[in-house]
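Data block below; observations after.
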Amino acid sequence: MTYAQIDAGAAQVAAGLASLGLAPGEKVALSCPNVPWFPLAYFGILKAGGVVVPLNVLLKPREIAYHLKDSDAKAFLAFEGTPELPIAQMARAACDDSGCPNLVIMTIDPAAPAPVAPAITLAQLMDGKSAAFATRRCGPSAGCADAQRPARQRGQCTTISVNGQTYACIVTYRPTRHASAIEWKNT
Numbered sequence: 007m008t009y010a011q012i013d014a015g016a017a018q019v020a021a022g023l024a025s026l027g028l029a030p031g032e033k034v035a036l037s038c039p040n041v042p043w044f045p046l047a048y049f050g051i052l053k054a055g056g057v058v059v060p061l062n063v064l065l066k067p068r069e070i071a072y073h074l075k076d077s078d079a080k081a082f083l084a085f086e087g088t089p090e091l092p093i094a095q096m097a098r099a100a101c102d103d104s105g106c107p108n109l110v111i112m113t114i115d116p117a118a119p120a121p122v123a124p125a126i127t128l129a130q131l132m133d134g135k136s137a138a139f140a141t142r143r144c145g146p147s148a149g150c151a152d153a154q155r156p157a158r159q160r161g162q163c164t165t166i167s168v169n170g171q172t173y174a175c176i177v178t179y180r181p182t183r184h185a186s187a188i189e190w191k192n193t
C-alpha cells in the first residue's frame with residue numbers, strides 16, 4: 007500500500023465513523039493484528055478526531071467488555087479473527103455486555119459479510135465515502151475531553167510536525183491510578 011492509498015482509505019474510514027455519529031474526542035476501540043486493514047482503521051479513527059483505544063487481540067469477551075465500558079467506547083473496530091481465535095465473536099459478546107453501540111468487523115475478504123450480527127464490515131463502513139475527508143480538529147474549541155479535564159489531569163502534548171506543518175499532538179495522561187492512556191489529538 008502506498009501512503010496515498012492509506013490516506014484515502016483512512017479518510018473513508020473517518021467519513022464512515024462520522025456517519026455513525028462519532029464526535030471528536032470520543033473513544034473508538036481497535037483490536038486488530040498486523041494486517042493491511044490496521045493502518046486504515048487506526049488513522050481513520052484519528053482523522054475522525056477519535057481517540058484510539060488499542061486492545062490486545064488475545065483478550066477474552068469479559069476483558070474486552072471491561073475496556074469498552076471503562077473507556078466509554080462509542081465504536082469497536084475488530085478483525086474477524088480465525089477459527090482458533092474468533093475475535094469477531096468475542097467482540098460481539100463484549101459489545102452486548104458493555105453496551106458499545108457500533109461494531110465494525112474487518113473481514114479478510116472485503117466483499118464477505120460480517121461473521122456476526124448485528125455488525126457491519128469495514129468495507130460497508132467505507133462504501134461510497136469520499137477519500138477527501140477533512141481531518142477533524144480536537145481541542146478546547148471542539149469540546150474535546152482533554153480540554154474539559156481539570157488542569158491537574160490534563161496531559162502533556164507532544165507536537166507532530168513535518169516540514170514545518172503541524173499535524174497532531176500525542177497527549178499522554180494518567181486518568182486513573184490503575185491505567186494510563188495515550189490520545190492522538192489533531193491540532
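All residue numbers for the sequence shown refer to my numbering, where the first residue is 7 and numbers rise by one.
Don't be surprised by glycine CBs; every beta carbon is placed ideally from N, CA and C.
None of these values were measured; they are calculated from a predicted model.
Taking 8 angstroms as the upper bound for CB-CB distance, residue 61 and residue 21 are not in contact here, some 23 angstroms apart. Within the DSSP secondary-structure output, residue 37 pairs in a beta bridge with 84. Counting other Cβ atoms within 10 Å of its Cβ, residue 108 reaches 16 or more and is therefore classed as buried.
When the alpha-carbon of residue 122 is set against those of 139, 132, 83, 133, the nearest one is in 83.
Spatial neighbours of residue 44 in its own chain (CB-CB distance under 7 angstroms, excluding positions within 5 residues in sequence) are listed in chain order as 38. Its Cα nearest to that of residue 85, the residue 48 stands out among 9, 48, 140. For residue 59, the enclosing beta strand (DSSP E) begins and ends at 57–60. Of the candidates 138, 119, 137, 119 places its Cα closest to the Cα of residue 129. With respect to the C-alpha of residue 53, the residue from 104, 12, 40 having the closest C-alpha is 12. Residue 127 is bridged by DSSP to 111. The C-alpha of residue 101 lies about 10 angstroms from the C-alpha of residue 80. Taking C-beta atoms as the reference points, residue 63 and residue 93 count as a pair closer than 8 angstroms. Taking C-beta atoms under 8 angstroms as the contact rule, residue 51 and residue 23 qualify, at a distance of about 7 angstroms.
Spanning the alpha carbons of residue 91 and residue 99 requires a straight line of approximately 14 angstroms. Taking C-beta separations shorter than 7 angstroms and ignoring five residues to either side along the sequence, the partners of residue 7 in its chain run 42, following chain order.
DSSP places residue 98 in the helix class (H, G or I) of the three-state scheme. If you look at residue 50, you'll find it in the alpha helix (DSSP H) that goes 43–53.
For residue 23, the enclosing alpha helix (DSSP H) starts and ends at 9–25.
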